[in-house]
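Heads up, the thing below is written out as structure tokens.
There are 2 protein chains.
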Amino acid sequence: MDVNHTMQFDSLSFDYEIDPKAIEVESFRQIRELTPLDGLSREQQQVVMRIVHSIGMPEVGEQVRFSSQACEKGLQALAAGKPILCDAEMVKQGITKRMIPAPPLCYLNHPEVPELAKAQSETRSMAALALWQEHLKDSVVVIGNAPTALFRLLEMLQQGADKPALIIGMPVGFVGAAESKQALWDCHQDLGVECITLLGRQGGSAVSSATCNALLRCNHNEWY
Amino acid sequence: MDVNHTMQFDSLSFDYEIDPKAIEVESFRQIRELTPLDGLSREQQQVVMRIVHSIGMPEVGEQVRFSSQACEKGLQALAAGKPILCDAEMVKQGITKRMIPAPPLCYLNHPEVPELAKAQSETRSMAALALWQEHLKDSVVVIGNAPTALFRLLEMLQQGADKPALIIGMPVGFVGAAESKQALWDCHQDLGVECITLLGRQGGSAVSSATCNALLRCNHNEWY
Numbered sequence: 121m122d123v124n125h126t127m128q129f130d131s132l133s134f135d136y137e138i139d140p141k142a143i144e145v146e147s148f149r150q151i152r153e154l155t156p157l158d159g160l161s162r163e164q165q166q167v168v169m170r171i172v173h174s175i176g177m178p179e180v181g182e183q184v185r186f187s188s189q190a191c192e193k194g195l196q197a198l199a200a201g202k203p204i205l206c207d208a209e210m211v212k213q214g215i216t217k218r219m220i221p222a223p224p225l226c227y228l229n230h231p232e233v234p235e236l237a238k239a240q241s242e243t244r245s246m247a248a249l250a251l252w253q254e255h256l257k258d259s260v261v262v263i264g265n266a267p268t269a270l271f272r273l274l275e276m277l278q279q280g281a282d283k284p285a286l287i288i289g290m291p292v293g294f295v296g297a298a299e300s301k302q303a304l305w306d307c308h309q310d311l312g313v314e315c316i317t318l319l320g321r322q323g324g325s326a327v328s329s330a331t332c333n334a335l336l337r338c339n340h341n342e343w344y
Numbered sequence: 121m122d123v124n125h126t127m128q129f130d131s132l133s134f135d136y137e138i139d140p141k142a143i144e145v146e147s148f149r150q151i152r153e154l155t156p157l158d159g160l161s162r163e164q165q166q167v168v169m170r171i172v173h174s175i176g177m178p179e180v181g182e183q184v185r186f187s188s189q190a191c192e193k194g195l196q197a198l199a200a201g202k203p204i205l206c207d208a209e210m211v212k213q214g215i216t217k218r219m220i221p222a223p224p225l226c227y228l229n230h231p232e233v234p235e236l237a238k239a240q241s242e243t244r245s246m247a248a249l250a251l252w253q254e255h256l257k258d259s260v261v262v263i264g265n266a267p268t269a270l271f272r273l274l275e276m277l278q279q280g281a282d283k284p285a286l287i288i289g290m291p292v293g294f295v296g297a298a299e300s301k302q303a304l305w306d307c308h309q310d311l312g313v314e315c316i317t318l319l320g321r322q323g324g325s326a327v328s329s330a331t332c333n334a335l336l337r338c339n340h341n342e343w344y
């Protein structure tokens, strides 16, 4: 190793924490101090803090919404090793592998999907949900990219598709993202599903996988 | 297919755009309208718009910084198929594969890295940079996760490591993220490197890969 943190430099030196545990502890100390967490359960606090961590903004905590049994049902499903269904490969990549018995499922790049999408003139993200049906029952759904995937899921549930234990619905962007999350929040009781969402335009693969990871950590008794 | 977008529902129906091209066009129409782009080159505008797209916030455009030849050097390196070095698998996953001749490089999960990190009591993210050295020359570096990786890269460059063509430095978070990006911005001229960064706490895998993707699209003559 040529590279040594303690080496002296001529002109510049950078003073920064290099110990991973110390970085994590200090990060969550700051997040807990900066984020409004009043009225949240212990598990909900963990979720909100990891969302804030993934996005770098304490103020997004106020946009998080939990249905009444979201954490409870999500924790149960994850503890039972139920399928985790992701709308995008980046979401799948973001889920902590050491805490799950099998890789999350993502059908976006399944060979059938481009044809399905083309036939309906719709996004690949929503076409991929045709392949979710047999895995939906008691699953944990993690949508971090495509509003169309979240809208399609709501439609499928309306038509009587099997219910996931929990929907983590957090697509990001300008067309349909805020609307799809508002629809999830407005309809979840009628559809009889539990959900965690982040209202507004913000969201994404890192935020949605962080939400799932926060629940996995609760099950593994790792608390911030 | 049981699922059909045009099917009538009893109680609810969702009105949303399902055509991927229409979604993209409308997204970037809104982003161009909402984001301050004055004084930016055509290529810089593309980068800022894709950053805004990935994060869902037009106001982050004001936090983006470009060194004087960042886009030019980045475009050249990508056109020449130089290595793309990523600090995290999610960053690698986010880079558009159809536009690059070979997969990006990420050494975070290389079998040597845990031992290197443990020996130095440092993060795996920074230890992985020991394996970057032979690939650095004229590369495009994309750091979207770990402040320690960005600090370590700056140290390596100070010690005479080969220079990347462009550093996209956009780690996210509370401990070291803002500081590492400020250090990149403050030191890049002394170090003789080009960079694109997003000052402040915000950043992440999606933002940093979106920046690289914006340059790849310019090279492929795909403009918003």
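Chains as they are written, first to last, in the working numbering: chain A, 121 to 344; chain B, 121 to 344.
Glycine included, every Cβ here is placed at the ideal spot set by N, Cα and C.
C-alpha gap between residue i and residue j, whole angstroms
{"i": "R321 (chain B)", "j": "L274 (chain B)", "result": "19 Å"}
{"i": "A334 (chain A)", "j": "S147 (chain B)", "result": "31 Å"}
{"i": "W347 (chain B)", "j": "L195 (chain B)", "result": "This structure does not reach residue 347 (chain B), given that chain B is present from 121 up to 344, and the question cannot be answered."}
{"i": "P291 (chain A)", "j": "Q279 (chain B)", "result": "42 Å"}
{"i": "R170 (chain B)", "j": "N339 (chain B)", "result": "15 Å"}
{"i": "S245 (chain B)", "j": "Q253 (chain B)", "result": "14 Å"}
{"i": "C206 (chain B)", "j": "S133 (chain B)", "result": "42 Å"}
{"i": "Q150 (chain B)", "j": "N265 (chain B)", "result": "28 Å"}
{"i": "D135 (chain B)", "j": "R218 (chain B)", "result": "32 Å"}
{"i": "V327 (chain A)", "j": "I316 (chain A)", "result": "11 Å"}
{"i": "A239 (chain B)", "j": "D139 (chain A)", "result": "11 Å"}
{"i": "A199 (chain A)", "j": "T216 (chain A)", "result": "14 Å"}
Residue-level contact to chain B via CB, residue i, 8 Å cutoff
{"i": "I138 (chain A)", "result": "yes"}
{"i": "H173 (chain A)", "result": "yes"}
{"i": "P224 (chain A)", "result": "no"}
{"i": "L274 (chain A)", "result": "yes"}
{"i": "S147 (chain A)", "result": "yes"}
{"i": "S325 (chain A)", "result": "yes"}
{"i": "V168 (chain A)", "result": "no"}
{"i": "A197 (chain A)", "result": "no"}
{"i": "M290 (chain A)", "result": "no"}
{"i": "F129 (chain A)", "result": "Confidence at F129 (chain A) is low in this model, with a pLDDT of 41, below 50, so its placement is unreliable and the value that follows should be read with caution. Closer than 8 Å to some Cβ of chain B, the Cβ of F129 (chain A) qualifies, so yes."}
{"i": "I287 (chain A)", "result": "no"}
{"i": "F186 (chain A)", "result": "no"}
Closer than 8 Å to chain A by CB, residue i
{"i": "Q322 (chain B)", "result": "yes"}
{"i": "T331 (chain B)", "result": "no"}
{"i": "P267 (chain B)", "result": "yes"}
{"i": "Q150 (chain B)", "result": "yes"}
{"i": "A334 (chain B)", "result": "no"}
{"i": "T243 (chain B)", "result": "yes"}
{"i": "A200 (chain B)", "result": "no"}
{"i": "A297 (chain B)", "result": "yes"}
{"i": "Q65 (chain B)", "result": "Since the first residue shown for chain B is 121 and the last is 344, residue 65 (chain B) is missing from the structure and cannot be characterised."}
{"i": "M219 (chain B)", "result": "no"}
{"i": "E192 (chain B)", "result": "no"}
{"i": "F134 (chain B)", "result": "yes"}
{"i": "G176 (chain B)", "result": "yes"}
{"i": "A303 (chain B)", "result": "yes"}
{"i": "M121 (chain B)", "result": "In this prediction, M121 (chain B) has a pLDDT of 39, which is less than 50 and means its spatial position is unreliable; what the coordinates show is noted afterwards. With 8 Å as the cut-off, M121 (chain B) counts as an interface residue toward chain A."}
Residues bridged to residue i [DSSP beta-bridge criterion]
{"i": "T317 (chain B)", "result": "B:R185, B:G289"}
{"i": "L204 (chain B)", "result": "Checking the sequence, you will find Ile at residue 204 (chain B) rather than Leu. B:V260."}
{"i": "L249 (chain A)", "result": "BP columns for L249 (chain A) are empty, so no partner."}
{"i": "C226 (chain A)", "result": "A:C206"}
Proximity test, residue i beta-carbon vs the ligand FAD heavy atom, cut-off 7 Å
{"i": "Q240 (chain A)", "result": "Ligands in the displayed structure: none, and consequently the ligand FAD is not present."}
Those runs of the beta strand (DSSP E) which lie wholly inside the stretch 271 to 295 of chain A and span at least 3 residues | Counting only runs of 3 or more, we get 286 to 289.
Is the stretch 231 to 246 of chain A touching the stretch 167 to 185 of chain A, taking contact as three or more C-beta pairs under 8 Å?
-> With contact defined as three or more Cβ pairs closer than 8 Å, the stretch 231 to 246 of chain A and the stretch 167 to 185 of chain A are not in contact.
Touching or not, the stretch 287 to 303 of chain B and the stretch 312 to 327 of chain B, by the rule of three or more beta carbon pairs under 8 Å?
-> When Cβ pairs closer than 8 Å are counted between the two stretches, the stretch 287 to 303 of chain B is seen to touch the stretch 312 to 327 of chain B, the count reaching three or more.
Taking 8 Å as the threshold, find out whether the stretch 163 to 171 of chain B comes into contact with the stretch 306 to 313 of chain B through three or more Cβ pairs.
-> Touching, no.
Length at least 4, wholly inside the stretch 139 to 185 of chain B: the alpha helix (DSSP H) runs in chain order | The qualifying runs are 140 to 154, 162 to 175.
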